[in-house]
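Chains as they are written, first to last, in my numbering: chain A, 117 to 317; chain B, 217 to 448; chain C, -2 to 143; chain D, 182 to 404. Glycine residues also receive a C-beta, built at the ideal position from the N, C-alpha and C atoms. Here's the structure, in structure tokens; my notes come after.
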Amino acid sequence: MILVKDLSIERSNKKIFENVNLSLGSGKIILLKGKNGSGKTTLLKALLNLIEPSSGAIYWKGKLLKKNLYNFFNHVTYIADRTSSLSNLSVQENIKIWKKFFLSSISNSQVDNILETLKLDIYLDQKVNSLSFGETKKLEFLRLIIENKKIWILDEPLSNLDNESIDVMAQTFEDHRSKEGSIIFSSHQISDINVSEEVLL
Amino acid sequence: MIFLVNPSKFNKVADYVFLPVLILSIILFSIGLIFAFYLSPDDYQQGSTVRIMYVHVPSAWLALLTYVIMSLYSIAGLAFRIPFGFIINTAVAPIGAVFTLICIISGSLWGKPMWGTWWVWDARLTSVAILFIIYVIIIFINLSFENRIVREKVVAIFILVGSVNLPIVKFSVDWWNTLHQPATISKLSKPSIDPSMMTPLIIMTFAFIMMGIAIAILRIKTEIISRKSYLS
Amino acid sequence: MSLRFQRLLLILLTLVIILSAVLLILYNTRENVSYFYTPSEIDKSDIIVNKIIRIGGFVENDSFNKISSGSFKFKITDEKASILVTFEGILPDLFREGQGAVIEGAFVDKNIFNATNVFAKHDENYMPASIKEDLQNTGNWNKKYK
Amino acid sequence: MIILKKIISFYYREYKLNLSGFQDILTNIIFFFVSIFIFIFSIGPDKETISSIGIGIVWTLLLLSSTLSLRKFYQDDFENGNLLIMHLNGLSFGFIAILKTFSHFIFVQMPFLLSIPIACILLNIESDKLIYLFYSFALGSFILSCLGSISSSMNLMNQRNFLLGSIIVMIFSVPVIIFSVSIVNLEENFNSLISILFGILLIVFAINPWASGLCLKLSLENN
């Protein structure tokens, strides 16, 4: 679905990476590896049309991404390495806002189930700023389920998570793959997530 | 005319042009000042105070002209992705600010004997004061952003937003009652100024333009160099 | 509709909005952005005493009277109406009969305007003093140069 | 229809956000009133002087206090990535700017509108002028919101000198102040003055999505 061809990006005339080729089909999980500053986040942002490539192109369903942008956005969830939940509101209110905002059809019991597996159900009425960093991060992943989109673009999803949560993530990824979804994520730590392709930047 | 949008071509042309322009500006200034102070006649109303005009009017024109140039280069930079436009914007803004300041100060000196006041808040004077502050804000934006790309484009956007002030400056005297008199020289009608006073005015205008170009060349070249060192 | 077409449409819409707004503003500002009022604009029945305003016009010919060393009386006119003005203070160099002037002050009663500041207004015409004499000598002096 | 639902949910979110941060809005209003006190005490007890310059004071302080909250206009949503999420949810940057401007107008400027009558009592402004002040502020504050959107989106990446944002708003609001104050003082010209203000509003409203949208995109790209 997403095809990246000979993508090179330079910022302030400094080359970040050159000639990256990717193809993200359905049921595929791609892991971006590389050290700090190798351009993992930059590549993910380029996939969201936030950064103009200096050469090469990104295609979505055979058309240039730029020409087909809002169609692409209908199919993609992006989670950055920062948390977007509103820290002054409670967990429950955040979930409610997300459900309204993404026009989600997910049922309450489904959300409760996930909260239980993520061990967030006890914090339901607490404000987000009283949660620990790892917990807000887990809360952030709830968006993947609420948005219910085909393509997940995740920036460093595994950092700051304990082993238990990483296992939950791996399970979620596997579920998503079995539903013909595709994932591209960056990470610098080794995990036992079953990926179909690794790209070293 | 490609040198107007291409840094390396500009550098080449500038190297040829700089010295002649500088010399020309010095010559024009000396001729113009001699004309302005000795050879031009007194005005029938204002006496010799009218000589302030030979500084005031050229600087006012150039303050506006500089802003127009910056607006055009901002459009070039934003819409046609010509990075040289941003270089020009950064380099030229302080020159425009200085011209505006000269215009305001000389106008103030002229206003005291003629109108009987240093400053009034009529539409022309207020809009020129705002023009000056807009120039100052442009310089400040240039100073306070760390990210170069963001800074350049924000400056360009601000210049375009601020250009609503230009027609107000130019036409305020025609549209509204102001203490400031309407334009003496306009395209549509015969100038209502005597040739003996028109000559020094034109000489001084060209002297100002040449001086402006000379300083602009220096500033643009330093700007290009500073970016080159940024690249490597 | 392609994205490009939508964008074009939006740009056009923006320009139309801005244009109509500019026209709206220009049409309405003529009477409102005045640094001064002309004497004929001031409605005699509607004068508010002691409210500070500015009046602009020409100093009427043969109306200037020096009451004492620092105190003057003159009329401001725009050839349709005129207003009697008193002023105490220093007049600018350019101030003379037939010359444009803007005065700031307030009406002390329905007929007398007490100026606190007098600004001379000069026009956009510049001419050497010698030429004026020539013109006057040959009788070609045009009165519109005020 | 989907876009309508998205707009409603956007305002639901803004409502929740502003309700939880209500003390910020309250602080603005307190600032407004404290500055009025300062003005009154620095002018002296003369009631006539106060009421003659009262309109000017109210407008100046409204402008100053509404520039106080500019920093919050986009900054929070920018830093926690919500701007990007809104964009990915199918709203273009220009459209986000329009929605945010209305949100600022409703949640930040409206409370000022409600506090104007009290300010008028404090400053001894006659009650028949109040209605004109309302009209002028309703239009003027929307202009201020648009200008605020432009300047705060420009200054998203400006970590060093945020005061610049306030200066940009203030310099462009000079005509707003001129015409708003004269609406109250020259009631006979009400119609033409209100259409001038409306014209200014149309201009900034038309410029706002382009300028702010571009700046938002720029800041997100280079963040």
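Helix, strand or coil at residue i [DSSP, three-state]
{"i": "I429/B", "result": "helix"}
{"i": "S68/C", "result": "strand"}
{"i": "I349/D", "result": "helix"}
{"i": "N370/D", "result": "helix"}
{"i": "W392/B", "result": "coil"}
{"i": "S311/D", "result": "The residue you asked about is not Ser; residue 311/D is Leu in the sequence shown. The answer is helix: DSSP assigns L311/D an H, G or I state."}
{"i": "S223/D", "result": "helix"}
{"i": "K63/C", "result": "strand"}
{"i": "F219/B", "result": "helix"}
{"i": "V352/B", "result": "helix"}
{"i": "W335/B", "result": "coil"}
{"i": "G263/B", "result": "strand"}
{"i": "I45/C", "result": "coil"}
{"i": "S400/D", "result": "helix"}
{"i": "F234/B", "result": "helix"}
{"i": "F218/D", "result": "helix"}
{"i": "K266/A", "result": "coil"}
{"i": "I298/A", "result": "Correcting the residue type first, residue 298/A is Ser in the shown sequence and not Ile. Here S298/A sits in strand by DSSP."}
9 Å Cβ cut-off: residues of chain C touching residue i
{"i": "D258/B", "result": "P125, A126, S127"}
{"i": "S376/D", "result": "L21, I22, Y24, N25"}
Residue i: contacting residues in chain C (beta-carbon distance under 8 Å)
{"i": "I479/D", "result": "For residue 479/D there is no data in the structure shown, the boundaries of chain D being 182 and 404."}
Opening and closing residue of the beta strand (DSSP E) in which residue i lies
{"i": "E280/A", "result": "No beta strand (DSSP E) holds E280/A; the alpha helix (DSSP H) holding it covers 279 to 294."}
{"i": "A117/C", "result": "109 to 118"}
{"i": "L147/A", "result": "145 to 149"}
{"i": "R364/B", "result": "That residue, R364/B, is in no beta strand (DSSP E); its alpha helix (DSSP H) goes 364 to 378."}
{"i": "F84/C", "result": "79 to 85"}
{"i": "Y176/A", "result": "According to the sequence shown, residue 176/A is Trp rather than Tyr. Run containing W176/A: 171 to 176, per the beta strand (DSSP E) assignment."}
Proximal residues of chain D, C-beta to C-beta of residue i below 8 Å
{"i": "A117/C", "result": "The contacting residues do not exist; A117/C stays about 25 Å from chain D at best."}
Spatial neighbours of residue i in its chain, beta-carbon cut-off 7 Å, leaving aside the 5 residues before and after
{"i": "A449/B", "result": "Only positions 217 to 448 of chain B appear in this structure, which leaves residue 449/B out of reach."}
{"i": "P310/B", "result": "I355"}
{"i": "S452/B", "result": "Since the first residue of chain B shown is 217 and the last is 448, residue 452/B is not available in this structure."}
{"i": "S363/D", "result": "L374"}
{"i": "V192/A", "result": "K265, I267, I269"}
{"i": "I247/B", "result": "I419"}
Cross-chain neighbours of residue i in chain A, by beta carbon under 9 Å
{"i": "L401/D", "result": "K161, L166"}
Delimiting residues of the alpha helix (DSSP H) encompassing residue i
{"i": "N229/A", "result": "224 to 233"}
{"i": "N135/A", "result": "Segment 130 to 140 is the beta strand (DSSP E) holding N135/A; no alpha helix (DSSP H) there."}
{"i": "E313/A", "result": "Run containing E313/A: none in the alpha helix (DSSP H); it sits in the beta strand (DSSP E), 313 to 316."}
{"i": "D258/D", "result": "256 to 260"}
{"i": "K215/A", "result": "207 to 217"}
{"i": "A309/B", "result": "300 to 330"}
{"i": "V284/B", "result": "269 to 295"}
{"i": "E263/A", "result": "249 to 263"}
{"i": "F191/D", "result": "183 to 201"}
Contact set between residue i and chain B, taken where Cβ atoms lie within less than 7 Å
{"i": "Y24/C", "result": "In chain order: nothing, as chain B lies at least about 11 Å away."}
{"i": "G53/C", "result": "N393"}
{"i": "D120/C", "result": "Q397"}
Closer than 9 Å at the beta carbon, the chain D residues around residue i
{"i": "N305/B", "result": "Near N305/B there are no residues of chain D at all, since even the closest Cβ is about 14 Å away, more than 9 Å."}
{"i": "S170/A", "result": "Per Cβ cutoff of 9 Å: no residues; S170/A is ~13 Å from chain D at best."}
Residues near residue i in its chain [Cβ-Cβ closer than 8 Å; skip 5 each side]
{"i": "D237/A", "result": "D228, L231"}
{"i": "S68/C", "result": "T83, F84, E85"}
Partners in chain A for residue i, counting only beta-carbon separations shorter than 7 Å
{"i": "L280/D", "result": "In chain order: nothing, as chain A lies at least about 12 Å away."}
{"i": "K186/D", "result": "L219"}
{"i": "S190/D", "result": "K216, F217"}
Chain B residues whose Cβ lies nearer than 8 Å to that of residue i
{"i": "I352/D", "result": "I346, I349, I350, I353"}
{"i": "R27/C", "result": "W391, W392"}
Within-8 Å CB hit, residue i to chain G
{"i": "K386/B", "result": "Given the protein chain composition of this structure (A, B, C and D), no chain G is represented."}
6 Å CB neighbourhood of residue i in its chain, flanking five on each side removed
{"i": "V105/C", "result": "N111"}
{"i": "L397/D", "result": "F274, S334"}
{"i": "V237/B", "result": "M426, I429, A430"}
{"i": "T421/B", "result": "P274"}
Interface residues of chain C facing residue i [CB-CB closer than 7 Å]
{"i": "A387/D", "result": "T11, I14, I15"}
Residues that residue i contacts on chain D, provided the C-beta gap is smaller than 7 Å
{"i": "K369/B", "result": "L399"}
Three-pair Cβ contact test at 8 Å for the region 323 to 332 of chain D versus the region 247 to 265 of chain D
yes
Count Cβ pairs between the region 91 to 99 of chain C and the region 59 to 76 of chain C that sit closer than 8 Å; are there 3 or more?
yes
Count Cβ pairs between the region 353 to 364 of chain B and the region 303 to 312 of chain B that sit closer than 8 Å; are there 3 or more?
yes
For the 8 Å Cβ check, are there 3 or more pairs between the region 241 to 248 of chain A and the region 163 to 179 of chain A?
no
Do three or more CB pairs link the region 292 to 312 of chain A to the region 138 to 157 of chain A at distances below 8 Å?
yes
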